[in-house]
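Undergrad: Chains as they are written, first to last, in this note's numbering: chain A, 1 to 168; chain B, 169 to 336; chain C, 337 to 504.
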Amino acid sequence: MGQSEPVSGYHISRQPTRPLLLTQWLPFMKSHTEYLSFTIPTRMGFLNITPTVEAIVAKTGIREGLLLCNAMHITASVFINDDESGLHEDYKKWLEQLAPFDASPQRYAHNRTGEDNADAHMKRQIMGREVVVAITNGKLDFGPWEQIFYGEFDGRRAKRVLVKVIGE
Amino acid sequence: MGQSEPVSGYHISRQPTRPLLLTQWLPFMKSHTEYLSFTIPTRMGFLNITPTVEAIVAKTGIREGLLLCNAMHITASVFINDDESGLHEDYKKWLEQLAPFDASPQRYAHNRTGEDNADAHMKRQIMGREVVVAITNGKLDFGPWEQIFYGEFDGRRAKRVLVKVIGE
Amino acid sequence: MGQSEPVSGYHISRQPTRPLLLTQWLPFMKSHTEYLSFTIPTRMGFLNITPTVEAIVAKTGIREGLLLCNAMHITASVFINDDESGLHEDYKKWLEQLAPFDASPQRYAHNRTGEDNADAHMKRQIMGREVVVAITNGKLDFGPWEQIFYGEFDGRRAKRVLVKVIGE
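1) Does the distance from the CB of residue 56 of chain A to the CB of residue 165 of chain A come in under 8 Å?
2) Looking at the structure shown, is residue 442 of chain C part of a helix, part of a strand, or coil, going by DSSP?
3) Could you tell me which chain A residues have their CB closer than 7 Å to the CB of residue 276 of chain B, listed as they occur along the chain?
4) When you compare only the Cα positions, how much space is there between residue 400 of chain C and residue 367 of chain C?
5) Any C-beta of chain B sitting closer than 8 Å to the C-beta of residue 364 of chain C?
6) Counting only Cβ pairs nearer than 8 Å, list the residues of chain C close to residue 128 of chain A.
7) If distances are taken between C-alpha atoms only, which option among B:289, B:277 and B:253 comes closest to residue 266 of chain B?
8) Could you check which residue in C:387, C:450 and C:497 has the C-alpha nearest to that of residue 488 of chain C?
9) Would you mind working out which of B:238, B:197 and B:196 sits nearest residue 318 of chain B, comparing C-alpha positions?
10) Once you ignore the five residues that flank residue 471 of chain C on each side, which residues in its own chain have a CB closer than 8 Å to its CB?
11) Here's the rule: buried if 16 or more other CB atoms are within 10 angstroms of the residue's CB, otherwise exposed. What is residue 118 of chain A?
12) Leaving out five residues before and five after residue 418 of chain C in sequence, what residues of the same chain have Cβ atoms less than 8 Å from its Cβ?
13) Considering only C-alpha positions, which residue in the set B:280, B:294, B:255 and B:281 is nearest to residue 94 of chain A?
14) What does residue 303 of chain B reach in chain A if we use C-beta pairs closer than 7 Å?
15) Give me the Cβ distance between residue 46 of chain A and residue 159 of chain A, rounded to the nearest whole Å; I'm assuming they're in contact under 8 Å.
16) Rounded to the nearest angstrom, what separates residue 506 of chain C and residue 272 of chain B at their Cα positions?
17) Cβ closer than 7 Å: which chain A residues qualify as neighbours of residue 290 of chain B?
18) Just checking: is the beta-carbon of residue 140 of chain A within a distance shorter than 8 Å of some beta-carbon in chain C?
19) Show which residues of chain C have a CB atom less than 7 Å away from the CB atom of residue 255 of chain B.
20) From the DSSP secondary-structure annotation, give me the bridge partner or partners of residue 242 of chain B.
21) Which term fits residue 296 of chain B, buried or exposed, when burial requires 16 or more other beta carbons within 10 angstroms of its beta carbon?
22) Please say whether residue 143 of chain A and residue 240 of chain B have beta carbons closer to each other than 8 Å?
23) For residue 141 of chain A, is the beta carbon positioned less than 7 Å from some heavy atom of the ligand SAM?
24) What residues match up with residue 461 of chain C in a beta bridge as DSSP calls it?
25) Taking 8 Å as the threshold (beta carbon to beta carbon), is residue 503 of chain C in contact with chain A?
26) Under three-state DSSP, which class holds residue 482 of chain C?
27) Is there a C-beta anywhere in chain B that falls below 8 Å from the one on residue 162 of chain A?
28) Residues of chain B with CB under 9 Å from residue 114 of chain A, in chain order?
29) Can you list, in chain order, the residues of its chain whose CB lies under 6 Å from that of residue 138 of chain A, leaving out five sequence neighbours each side?
30) Please state the DSSP three-state secondary structure of residue 453 of chain C.
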């Protein structure tokens with residue numbers, strides 16, 4: 001969980017679903033939980049995690065339901081937007097204008113604690129903690145350009161993302 | 169789906185729920201999915217979609233559960249706030265200050281792609297992609313002033329909204 | 337519901353779950369709904385409601401599912417971040433910069449209605465209306481620092497928060 005990994009890699013901690021016997025043929029509610037881990041090598045960065053989330057959905061066998069995907073850390077986000085590098089540069093610049101990095105405790109009282117990441121807590125509020133996505137016919141029910149991103153605002157260390165699917 | 173429609177109209181694409189037989193008398197999980205389509209005639213605008221969402225909830229027969237309502241496009245929002253025209257004007261002015269429209273690629277790298285809507289991707293992050301609403305006793309479990317809005321930041325073309333209800 | 341209470345107190349309105357008979361031994365979907373009420377004595381303030389939400393989860397007996405926690409008022413938020421007083425001061429200062437309080441109708445058209453809280457509707461959009469949290473093994477499935485806050489932007493009166501749990 002805590003091991004450092006490159007931006008393009010991730011670590012999956014599986015929580016096995018309980019074995020389904022006869023009940024798997026009835027529309028009982030099923031659930032499935034996984035934990036992903038990412039280490040973004042820069043302070044701020046965005047990683048497209050859609051293929052990983054799609055693979056989890058396929059594995060669960062859930063046809064109709066809801067998927068929750070959230071950052072488990074409070075200086076990171078999970079959000080849905082476009083996979084376009086120019087837009088990502090724009091987001092970084094824009095977030096830096098709205099909540100500039102400043103390690104000094106003069107601007108941010110939070111940094112009196114010895115932390116330097118008050119700005120990251122604000123950037124995360126703009127970009128959001130979580131997304132909830134419909135599962136329809138066994139797939140993420142997405143519009144044409146929707147992609148799920150992990151958004152990092154205080155990187156260079158491993159952080160976790162939770163994926164939970166409930167449905168039938 | 170792709171046809172142009174007025175701001176006050178919408179197009180519903182129904183996905184039929186599977187027929188429920190004996191199982192409808194037991195608290196099995198049910199789900200229901202619908203796709204709405206809206207064409208806002210201006211670049212930015214807000215449309216109260218609460219009556220449409222309420223009608224979907226009533227039709228499903230689901231008494232207890234959760235409803236997801238999300239924009240399927242990444243320059244649009246679904247959010248909950250007040251149906252007051254002055255406030256909507258304030259939101260437009262405020263969002264324009266936080267993320268001004270600028271078609272040039274000098275301000276926004278995204279607009280080097282030939283797009284002119286980088287600002288709309290930012291406005292959408294402020295206002296959010298989705299809402300999750302409790303269904304209690306067969307109805308949207310809302311406080312006194314809560315209303316669901318479709319928020320458009322790059323309009324004048326048809327865009328879709330997904331409504332998914334799960335529950336029993 | 338409408339009675340005034342101190343920031344450290346809250347009022348719970350219980351909606352009893354239906355009695356579960358034989359079906360409680362099968363993985364049928366269960367749901368549980370509660371309404372909390374808070375009166376923050378200042379215009380803006382944040383209250384850690386995690387212990388209250390944890391107690392609700394424990395009471396439901398739901399092992400695997402999703403929890404929705406949302407403000408039922410449109411000038412308040414429910415969000416997840418750090419329980420650090422310096423950060424909370426930073427949030428207040430930052431939100432005041434992004435959407436300053438101004439009772440006059442010159443800055444905000446909404447205040448022509450006689451209201452003075454247009455800024456609170458904006459602050460709420462930044463901080464969000466709701467959180468959706470995974471329930472795993474009967475508990476809120478949280479990262480190390482995640483805490484749920486009620487965020488008030490137009491306080492000094494009682495407002496409600498909805499907690500809904502679905503799962504099995």
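Ideal Cβ positions, reconstructed from N, Cα and C, are used throughout, including at glycine.
TA: So, from the listed chains and residues:
1) yes
2) coil
3) 90
4) 11 Å
5) yes
6) 464
7) B:289
8) C:497
9) B:238
10) 393, 398, 399, 400, 401, 402, 403, 477, 501 and 503
11) buried
12) 481 and 483
13) B:294
14) Simply none; closest approach about 13 Å.
15) So it is not a contact: roughly 13 Å between Cβ atoms.
16) Since the displayed chain C opens at 337 and closes at 504, residue 506 of chain C lies outside it and no answer follows.
17) 94
18) no
19) 446, 454 and 457
20) None, per the DSSP bridge assignment.
21) buried
22) yes
23) For the ligand SAM, the structure offers nothing, since it holds no ligand at all.
24) Paired residue(s): none; residue 461 of chain C is not in a bridge.
25) yes
26) coil
27) no
28) Neighbours of residue 114 of chain A on chain B: none; closest Cβ ~30 Å, over 9 Å.
29) 63
30) coil
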